[in-house]
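Residue numbers (mature numbering (1 follows the signal peptide of the UniProt record, and there is no 0)): -21 to -1, 1 to 708. Where is the CB? At the ideal position from N, CA and C, for every residue including glycine.
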């Protein structure tokens, strides 16, 4: 009877194991989706990683991991994941929708539309697919087709606001102003609590010079969504047209409160402050603009003219030099620089610049003809942004530009001249900038929440991940992943004479006073054991003590202990590995000290020829140390070819020596030995980006982010292949 009972119990246990595994996977999926909902994208990706490892045949984890990567602007990585999901399940309709959205952001409009059409084959009335297909058609300038698509959407869902909004944008693109206005009004009627209808209708009113109606609509949009910086920017432009300068400045101030790094808001506020004579604060605004965007030469030129007004000649000259380098055919910059040089006593330089100005001005007049020349001369006294210094302020270019603006506007000449955000014409330096398309381009729709929690927008310092070592005090910064494991390290931990666990890490904790006391207590403990240990035990004790000396930066003693280990056991891979690390750390410490030390002046003896070595003594010593580091690491790989951390550290050594292809080769070997080696993916990605292999580097960084190095997403956004890639012709 007992045997039967035991058998029944065993069978019951066996039957429950798969059930628990299934529950765990389902639970992880729920937790991962919850993390997406609460915008913790990095954590969500880690959960989906675990599900994919356990059940790589499921399509859903790839789909949701793609959403996480998409939310972090890792578009190439997201595209890879959603493609994998569709390979597993080609009937995954929302997968086609998501991949279409991603491909549109990558500039692959035709491929995106193919995805939407494929999804519509399986679900012809899918609203998300139809809406996004319409956006792809708008981007492809096929406005009639887009209108037909949105007619179908409205038939299926008469209350869908985005359908009216996007159809309105398509009509506006066909110059059907009344049709666009009607659609935006219909969007408001469909849901008067969504602000985008008011914001879009404000665009049409602005274009029709109905500034009061535009102001009312944007004020209503702001009431409904008070934290949208675009609305304040656009309302500021409208208030500017209504001569409400105080209200305009208030709106630009609000944009800056919401987006402190919004260069356009600082630029517009600076232009307004210059117009009302608040010169010093205008200069502050333009200085912020230039700090945020060094390529904004229009702001540099405007600041130069303001420096002239307050007689800051040196600062004005520096700015004008920059402008002249970027716009060598712009005559007024030479005219103004001539005046500045004259004020600085450089009469010869002033004459040269004035001669250049005259030559360019004569050429401009010859090219523009008598009519434009007459306009330019008649408008010479009307440029508010120029300086009145002997008539040499570059007014002729500005006035002709203003007259041409008025001419283009025809009956709406009362509108003040503005420029588009993307306008780089130096003659428009003093015009308020309007967001391109008023910042109201149609948005794609995916079946998830709006993008928030965007860690890729954080301002971080980009540098390679450091070298690895074996330490008692790891300071691991990777998010939600297990620490790296090595059998040799685990073997030492099983026989460790101190109550502390060794780990492989590339981030050691700084030792404070309490921790230092703990380390020295353990060193004393090792010293006592060494006094009675036999030779077979000493190798382990010396290794432990050397690692402890490393923790307190006693690198010389650490090196001596690793040498003692290798004298007893010449093939001890961990001692070779840590000795290479200690030597590397010594070299970097010396380098940092030398960098902070003032250069020693060389006393030269007249009449005596002095020769210098092409390399300093310090540089020669570093090269020798690097050779010794390389020798230790290569010996480690001879003994254990799969020791991925040795490959990684050799890759770092190659990168420091500027052998970037060699670095990539070693990082690749490290990845081959350990496919989940996040730091190797990250460093290989950075190296590829540096070598301008942007597509390869972006995919490597995507994998690094997937494995827990969240700053990889920041690098992808700033330097990788993203939505700023090439658009289709």
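Using a Cβ-Cβ cutoff of less than 6 angstroms, which residues in the same chain neighbour residue 316 once the five nearest sequence positions on both sides are dropped? Taking the chain shown and counting its residues from 1, the one referred to as residue 316 is at position 337. So the list reads 299 and 332, once near-sequence residues are dropped.
Would you please state the rounded distance, in angstroms, between the beta carbons of residue 678 and residue 56? I believe it to be under 8 angstroms. Counting from 1 along the chain shown, the entry for residue 678 is found at position 699. Counting from 1 along the chain shown, the entry for residue 56 is found at position 77. The Cβ separation is near 7 angstroms, so the contact holds.
Within the chosen definition, does the stretch 86 to 93 reach the stretch 125 to 137 through at least 3 CB pairs nearer than 8 angstroms? no
What first and last residue would you give for the alpha helix (DSSP H) that runs through residue 450? Counting from 1 along the chain shown, the entry for residue 450 is found at position 471. Taken as a continuous stretch (DSSP letters only), residue 450 belongs to no alpha helix (DSSP H), being part of the beta strand (DSSP E) at 448 to 450.
Exposure label - residue 674; buried when at least 16 CB within 10 Å: What you label residue 674 is simply residue 695 of the chain shown in a count that begins at 1. Exposed.
Based on Cα-Cα distance, which residue from 111, 696 and 106 lies nearest to residue 78? Working through the chain shown from its first residue, we reach residue 78 at position 99. Minimum Cα distance to residue 78 is reached at 111.
Short of 8 angstroms in beta carbon distance, which residues of its chain neighbour residue 302, apart from the five on each side in sequence? Order them along the chain. For the purposes of this step, residue 302 is identified with residue 323 of the chain shown, where counting begins at 1. Closer than 8 angstroms at Cβ, skipping near neighbours: 276, 279, 280, 283, 309, 312 and 405.
In this structure, what does DSSP give as the bridge partners for residue 398? The residue you call residue 398 lines up with position 419 of the chain shown. DSSP lists 412 as partners of residue 398.
Using DSSP with H/G/I as helix, E/B as strand and the rest coil, what is residue 238? As a position in the chain shown, residue 238 is number 259, starting the count at 1. Note: residue 238 maps to coil in three-state DSSP.
What residue does the beta strand (DSSP E) around residue 120 start on, and which one ends it? For this step, residue 120 is matched to residue 141 along the chain shown. Looking at the DSSP string, residue 120 is not in any beta strand (DSSP E), and its letter there is neither H nor E.
Return the chain-ordered list of same chain residues with a C-beta closer than 7 angstroms to the C-beta of residue 267, the five sequence neighbours on each side being excluded. Your numbering for residue 267 matches position 288 in the chain shown. So the qualifying residues of the chain are 245.
Inter-residue CB distance, residue 215 and residue 190 (contact presumed, cutoff 8 angstroms): Position 236 of the chain shown, counting from 1, holds the residue named residue 215. Position 211 of the chain shown, counting from 1, holds the residue named residue 190. About 12 angstroms separates the two Cβ atoms, so there is no contact after all.
Tell me, to the nearest whole angstrom, how far the beta carbon of residue 152 is from that of residue 182; I am working on the premise that it is less than 8 angstroms. In the chain shown, residue 152 corresponds to position 173, counting from 1. In the chain shown, residue 182 corresponds to position 203, counting from 1. Rounded, the Cβ-Cβ distance is 12 angstroms, inconsistent with contact.
Answer yes if the stretch 492 to 507 comes into contact with the stretch 647 to 656, meaning at least three C-beta pairs across the two stretches below 8 angstroms, and no otherwise. Touching, no, given that fewer than three Cβ pairs across the two stretches are closer than 8 angstroms.
How close, in whole Å, do the beta carbons of residue 285 and residue 242 come, if the pair is a contact with beta carbons under 8 angstroms? For this step, residue 285 is matched to residue 306 along the chain shown. For this step, residue 242 is matched to residue 263 along the chain shown. Their Cβ separation, rounded to whole angstroms, is 17 angstroms, which puts residue 285 and residue 242 out of contact at 8 angstroms.
Provide the residue(s) that pair with residue 482 in DSSP beta bridges, ordered along the chain. Locating residue 482 in the chain shown gives position 503, counting from the first residue. In DSSP, residue 482 forms a bridge with 450.
Out of 306, 328, 161 and 326, state which residue places its alpha-carbon closest to the alpha-carbon of residue 339. Residue mapping note: residue 339 aligns to position 360 of the chain shown, counting from 1. Minimum Cα distance to residue 339 is reached at 306.
Check whether the stretch 661 to 670 touches the stretch 11 to 22, taking contact to mean three or more Cβ pairs, one atom from each stretch, closer than 8 angstroms. no
Going by other Cβ atoms of all chains shown within 10 Å of its Cβ, with 16 needed for buried, is residue 474 buried or exposed? Counting from one through the chain shown, the residue named residue 474 turns up at place 495. By the 10 Å Cβ count, residue 474 comes out exposed.
Should residue 44 and residue 60 be called a contact, given that it needs their Cβ atoms to be closer than 8 angstroms? Within the chain shown, the letter at position 65 stands for residue 44. Within the chain shown, the letter at position 81 stands for residue 60. A contact, by the Cβ cut-off of 8 angstroms.
Assign residue 104 to one of three DSSP states: helix, strand, or coil. If you number the chain shown from 1, residue 104 lands on position 125. Residue 104: coil per DSSP, three-state reduction.
What's the call for residue 321, buried or exposed, on a 16-neighbour Cβ count within 10 Å? The residue labelled residue 321 in the question sits at position 342 within the chain shown. Counting Cβ neighbours within 10 Å, residue 321 comes out buried, since at least 16 surround it.
Residue 561 to residue 49 span [Cα, whole Å]: Locating residue 561 in the chain shown gives position 582, where the first residue counts as 1. Locating residue 49 in the chain shown gives position 70, where the first residue counts as 1. Approximately 41 angstroms, taken between the alpha carbons.
Strictly by DSSP, which residues pair up with residue 487? Your numbering for residue 487 matches position 508 in the chain shown. Its beta-bridge partners are 453.
Burial state of residue 446 (16 or more Cβ within 10 Å): Residue 446 sits at position 467 when you count from the first residue of the chain shown. The residue in question, residue 446, is buried, as its Cβ has 16 or more Cβ neighbours within 10 Å.
Is residue 656 helix, strand or coil when you go by DSSP? Mapped onto the chain shown, residue 656 falls at position 677. Correct three-state label for residue 656: coil.
Count the other C-beta atoms from every protein chain shown that fall within 10 angstroms of the C-beta of residue 646, then say buried if there are 16 or more, exposed otherwise. Position 667 of the chain shown holds residue 646. When all chains shown are included, residue 646 counts as buried.
Buried or exposed by the 16-neighbour rule on C-beta atoms within 10 Å, applied to residue 172: Against the chain shown, residue 172 aligns to sequence position 193. Exposed, by the Cβ-count rule.
Consult DSSP for residue 153 and reduce its assignment to one of helix, strand or coil. Residue 153 sits at position 174 when you count from the first residue of the chain shown. It is coil, neither helix nor strand.
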